[in-house]
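Here is the structure we will look at, set down as structure tokens.
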Amino acid sequence: MKPSVSLKRLNKEEVEKLLETQPEGTNTKFLKASHNLWFRFKNYDKHPPFALVDAYKGPVALVFITFSQRSAYANLYEIVTLEGKEGSGYASTVYWEVMKAAKEQGMQRLKMSCTPSSITWHIRNGTIFWAVDPSGSLRCDVPIFPTKQEAIEFRELAIKD
Numbered sequence: 224m225k226p227s228v229s230l231k232r233l234n235k236e237e238v239e240k241l242l243e244t245q246p247e248g249t250n251t252k253f254l255k256a257s258h259n260l261w262f263r264f265k266n267y268d269k270h271p272p273f274a275l276v277d278a279y280k281g282p283v284a285l286v287f288i289t290f291s292q293r294s295a296y297a298n299l300y301e302i303v304t305l306e307g308k309e310g311s312g313y314a315s316t317v318y319w320e321v322m323k324a325a326k327e328q329g330m331q332r333l334k335m336s337c338t339p340s341s342i343t344w345h346i347r348n349g350t351i352f353w354a355v356d357p358s359g360s361l362r363c364d365v366p367i368f369p370t371k372q373e374a375i376e377f378r379e380l381a382i383k384d
């Protein structure tokens, strides 16, 4: 991780305060929807979202994810880069920092689905999709790797074998 960024958990009030400062745009709408989902599911208490915080810019990307100690699954719901912060690799950085944290907390597998519009990002990060659900989202259920390189090597092996 770059020395100027760190990983932090944000509570509901911090996310709401962050939302107040965001300019209008697609990513802000996505962040609002993610926040509303997290609030409705009452996930802020047990699973506060992770934020990648740049020492100079403040929060730049968030991951909404749950960890189940019982099943050793991490369920990824949303990754969002804040409006105007796109194109700097923040989403990939926060994703891989969260995958390292998941491994450290005993998580073995990652479950998620994504819209087809985000597939290129997921492919660059080593994701393997195995199905399409009724809503058209791509499904993923893979071992968690602490690095992008390990995930890509695993995907290449899965494609070959």
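So the mapping is simple: my numbering equals the position in the sequence shown, first residue as 1, plus 223.
Glycine included, C-beta positions come from ideal geometry on N, C-alpha and C.
Note that the coordinates shown come from a computational prediction; the quantities given were computed from them, not determined experimentally.
CA-CA distance, PHE253 to GLU243, rounds to 14 Å.
In this structure, LYS334 keeps its C-beta atom at 8 Å or more from the C-beta atom of ASP356.
In this structure, DSSP gives MET224 a state outside helix and strand, which the three-state scheme calls coil. Taking 4 residues as the minimum length, the alpha helix (DSSP H) runs contained wholly in the stretch 289-336 are 313-327, in order along the chain. Closest option to SER315, judged by alpha-carbon separation, among LEU233, ASP268, VAL286 and ASN250: VAL286. For LEU260, there is no enclosing beta strand (DSSP E); the residue is found in the alpha helix (DSSP H) stretching over 249-263. Distance from the Cα of ASN298 is smallest, within the candidate group ALA381, GLU376, ILE367 and ILE346, for ILE367.
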